[in-house]
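Trainee: First the structure, which I've put down as structure tokens, then a few questions once you've had a look.
Number of protein chains: 2
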Amino acid sequence: MNEREGPENGELTHKQRHQFSQMLEKLYQCCTDRQVYVSEKFEIPQAELRCLLLFGQERYLTAKGIAARLGIARSRVTMLVNGLVDKGFISKVPDPADSRVVLLALTPAGQKAQRDVTSMMDTMRDEILNAIDPERRTALLQSLDTLKTAMERVSEALE
Amino acid sequence: MNEREGPENGELTHKQRHQFSQMLEKLYQCCTDRQVYVSEKFEIPQAELRCLLLFGQERYLTAKGIAARLGIARSRVTMLVNGLVDKGFISKVPDPADSRVVLLALTPAGQKAQRDVTSMMDTMRDEILNAIDPERRTALLQSLDTLKTAMERVSEALE
DNA sequence: AATATTAGTACACACCATGAACGAACGCGA
DNA sequence: TCGCGTTCGTTCATGGTGTGTACTAATATT
Chain A
28 MNEREGPENG ELTHKQRHQF SQMLEKLYQC CTDRQVYVSE KFEIPQAELR
78 CLLLFGQERY LTAKGIAARL GIARSRVTML VNGLVDKGFI SKVPDPADSR
128 VVLLALTPAG QKAQRDVTSM MDTMRDEILN AIDPERRTAL LQSLDTLKTA
178 MERVSEALE
Chain B
28 MNEREGPENG ELTHKQRHQF SQMLEKLYQC CTDRQVYVSE KFEIPQAELR
78 CLLLFGQERY LTAKGIAARL GIARSRVTML VNGLVDKGFI SKVPDPADSR
128 VVLLALTPAG QKAQRDVTSM MDTMRDEILN AIDPERRTAL LQSLDTLKTA
178 MERVSEALE
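The listed protein sequences derive, respectively, from chains A and B.
Quick note: the first sequence uses the working numbering, first residue 28, plus one each step.
Quick note: the second sequence uses the working numbering, first residue 28, plus one each step.
See the structure below:
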């Protein structure tokens, strides 16, 4: 019972451990809930949404590129793409330079859907940030960066 | 292009928005990866792990209670429980006071599995926290608390 | 020219979650 | 006590998410 709250000598306290785990779990849950909310609002499955939101600066995407960026299998991309094609959000274009490749482009309907989804997500993000004191906001961003770096370091050590 | 980095008048900057989204996404991904890692290490599906980790102070849990605490359907609990029963981690006991109810208890093997899983998760959490300067740790915990509060507030407004 | 590699697809499988329907058991009010 | 409403866990069908395998056609490499 000689655990201190403050960093007396740099050692982790039991309370810090517990707080960290609890808060991280809660934050994770909130993020998950937010994703579910958006998916349901637009009636687009989450994985399809992630795919839809990849379309940006490039004129075309490919299944292989999408798989790499989303970190999923190519076969899975086929399913997602077909779902979005069925919804009229993307179209398939043959690649004139390599007929194995299918080029994927956003349709106008897909562009609108993407805009709407992005707008909703931005609004929700802004609401979160606006619920935080501007003074605390900078500290928050710094802390998140610190945490991100620490987590990435630990993730790398797992492989 | 007159966006400032600091909180000049409390307004959100474009950079803050972008940073926040990017970091949150990355943090989310790290947390997801960590869960996948633990699940694979023990060869226990994630949902079963979450169920296994619920057993703690109480002598018995019920399917209904597990469903409420995990936020999932009772029918799903049946599947998870059966998976853990098959692995020898939990046992079913009839409730003498209400024969509709199935009481669920950790077996010795289940207790060991739970200990091992918890230990691994604690180690990983400690590695993350130890990768952070003790001075920054307190600030981090405060910021996480601030963020949690903000997120919970925004989540409530969605319902 | 022959062989190796690549891209996307179809398919089977496992995990994850929902809701509906069900039978058995319990609770409640007349 | 009895009839009805509610509850509990289970079964089942369905949809979402992801993997890996096998395949064909096309391309790259030797």
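Don't be surprised by glycine CBs; every beta carbon is placed ideally from N, CA and C.
1) Shorter than 7 Å from the beta carbon of Ala177(B) to some beta carbon of chain A?
2) How many angstroms separate the CA atom of Thr105(B) from the CA atom of Gln138(B)?
3) Could you give the residue range of the alpha helix (DSSP H) that holds Pro121(A)?
4) May I ask you to list, following chain order, the residues of the region 98-130 of chain B that have a beta carbon less than 8 Å from some beta carbon of chain A?
5) Quick one: Cα of Thr40(B) to Cα of Arg164(A), how far?
6) What residue from Arg96(A), Ala132(A), Glu179(A) and Ser170(A) has the CA that sits closest to Asn109(A)'s CA?
7) DSSP three-state label for Thr150(A), please.
8) So with CB distances below 8 Å, who are the chain B contacts of Ile159(A)?
9) Going by other Cβ atoms of all chains shown within 10 Å of its Cβ, with 16 needed for buried, is Thr150(B) buried or exposed?
10) Compute the Euclidean distance between the alpha carbons of Leu80(A) and Tyr55(A), then round it to the nearest angstrom.
11) For Phe116(A) versus Thr145(A), is the C-beta distance shorter than 7 Å?
12) So which residues of chain B does Ser87(A) contact, with C-beta pairs closer than 8 Å?
13) Enumerated in chain order, which unbroken segments of the beta strand (DSSP E) with a length of 3 residues or greater are wholly contained in the region 38-110 of chain B?
14) Counting only beta-carbon separations shorter than 7 Å, does Ala132(A) have a partner in chain B?
15) What in chain B is Cβ-close to Asp143(A), meaning under 8 Å?
16) Taking the C-alpha atoms as reference points, what is the distance between Asp125(A) and Thr89(A)?
17) In whole angstroms, what is the alpha-carbon distance linking Gln49(B) and Asp172(A)?
Mentor: The structure says:
1) yes
2) 20 Å
3) Counting along the chain, Pro121(A) falls outside any alpha helix (DSSP H), though it belongs to the beta strand (DSSP E) covering Ile117 to Pro121.
4) none
5) 11 Å
6) Ala132(A)
7) helix
8) Thr173, Leu174 and Ala177
9) exposed
10) 21 Å
11) no
12) According to the sequence displayed, residue 87(A) carries Tyr and not Ser. Residues of chain B passing the Cβ test: none, with the nearest at roughly 24 Å.
13) none
14) no
15) The contacting residues do not exist; Asp143(A) stays about 17 Å from chain B at best.
16) 12 Å
17) 10 Å
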